[in-house]
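Undergrad: There's a structure below that I have some questions on.
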Amino acid sequence: MLILIAGPYRSGTHDDPAKMAANLKVLEAPSHALFQAGHVPMIGEWVALPIWHAAGGKTVGDALYEEIFHPVAGRLLALCDAVLRLPGASKGADNDVRIARERGIPVYERLEDVPGCAGVAPRAVPA
């Protein structure tokens with residue numbers, strides 16, 4: 001399955017690039033376990049960041065950022081077979097879950113509930 005990993009990226013960072021990078025590492029942590037289980041992990045920021053940079057994005061939260069980031073997630077959800085919602089407050093991730101449920105896409109809140117992932121632990125998040 002193509003599985004969107006959703007969780008905090010920008011939330012709670014006050015747009016601090018180091019905190020956002022740390023949040024991305026947390027989002028990436030279960031990706032190897034999903035891959036080992038035969039799935040293809042996807043994170044919206046993996047797609048949105050290069051598009052935003054290519055479009056000339058400079059400041060997190062500017063009009064160009066908003067034009068790209070949330071629509072990317074919506075478009076990815078049209079292709080994804082499931083969502084893995086990681087813990088933490090995030091309006092964007094909550095919106096991803098809402099859209100997934102409206103579309104009948106399964107939403108998992110624990111890695112071990114994803115088919116093939118029982119007993120598979122995600123790698124520790126590097127400091």
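Going by full-length UniProt numbering, the final residue of the sequence shown carries number 127, and the count climbs one at a time with no gaps. Using N, Cα and C, we set each Cβ at its ideal position, and we do this for glycine too. As the structure is a computational prediction, the values presented were derived from the model and not from experiment.
For G74, I'd like the list of residues in its chain whose CB is within less than 7 Å of its CB, leaving aside the five on either flank, ordered along the chain.
TA: The residue given as residue 74 occupies position 74 in the sequence shown. Correct list, in chain order: I99.
Undergrad: Taking all protein chains shown into account, decide if A55 is buried (16 or more other Cβ within 10 angstroms of its Cβ) or exposed.
TA: As a first step, residue 55 must be located in the sequence shown, where it is residue number 55. Answer is exposed; the Cβ neighbour count stays below 16.
Undergrad: Note the first and the last residue of the continuous alpha helix (DSSP H) segment covering R101.
TA: The sequence position of residue 101 within the sequence shown is 101, counting from 1. Start and end: 91-102.
Undergrad: Compare the C-alpha of M42 against each of V72, R101, L64 and name the closest.
TA: Counted from its first residue, the sequence shown places residue 42 at position 42. Closest option to M42, Cα to Cα, is V72.
Undergrad: Could you give the C-beta distance for G88 and G7, rounded to a whole number, given that I count them as a contact under 8 Å?
TA: Here residue 88 refers to the residue found at position 88 of the sequence shown. Here residue 7 refers to the residue found at position 7 of the sequence shown. With a Cβ gap of about 5 Å, G88 and G7 count as contacting.
Undergrad: How should H39 be labelled, buried or exposed, when 16 other C-beta atoms within 10 angstroms of its C-beta is the threshold for buried?
TA: Counting from one through the sequence shown, the residue named residue 39 turns up at place 39. Classification for H39: buried.
Undergrad: Cutting at 6 Å between CB atoms, please list the residues of its own chain near T13, excluding the five before and the five after it.
TA: Taking the sequence shown and counting its residues from 1, one reaches residue 13 at position 13. For T13, where only same-chain residues beyond five positions count, the Cβ hits under 6 Å are K19, M20.
Undergrad: What's the call for L86, buried or exposed, on a 16-neighbour Cβ count within 10 Å?
TA: Here the question's residue 86 lines up with position 86 in the sequence shown. Answer is buried; the Cβ neighbour count reaches 16.
Undergrad: Is DSSP giving A54 helix, strand or coil here?
TA: Here residue 54 refers to the residue found at position 54 when the sequence shown is read from its first residue. Looking at A54 - three-state DSSP - the assignment turns out to be helix.
Undergrad: Among V120, G92, P50, H53, which has the Cα closest to the Cα of L4?
TA: Numbered from its first residue, the sequence shown carries residue 4 at position 4. Considering only alpha carbons, the answer is G92.
Undergrad: Just list the alpha helix (DSSP H) runs in the region 12-74, keeping only unbroken ones of 4 residues or longer that don't cross its boundaries, in chain order.
TA: Those alpha helix (DSSP H) runs which fall completely within the region 12-74 and span 4+ residues are 17-28, 31-36, 44-54.
Undergrad: Within its chain, find whatever has a CB closer than 6 Å to the CB of I68; leave out the 5 residues flanking it on each side and keep chain order.
TA: By one-based count along the sequence shown, residue 68 stands at place 68. Within the same chain, I68 has close Cβ partners A48, I51, W52.
Undergrad: For the beta strand (DSSP E) that R85 lies in, which residues bound it at each end?
TA: Counting from one through the sequence shown, the residue named residue 85 turns up at place 85. Where R85 is concerned, the enclosing beta strand (DSSP E) stretches over 82-85.
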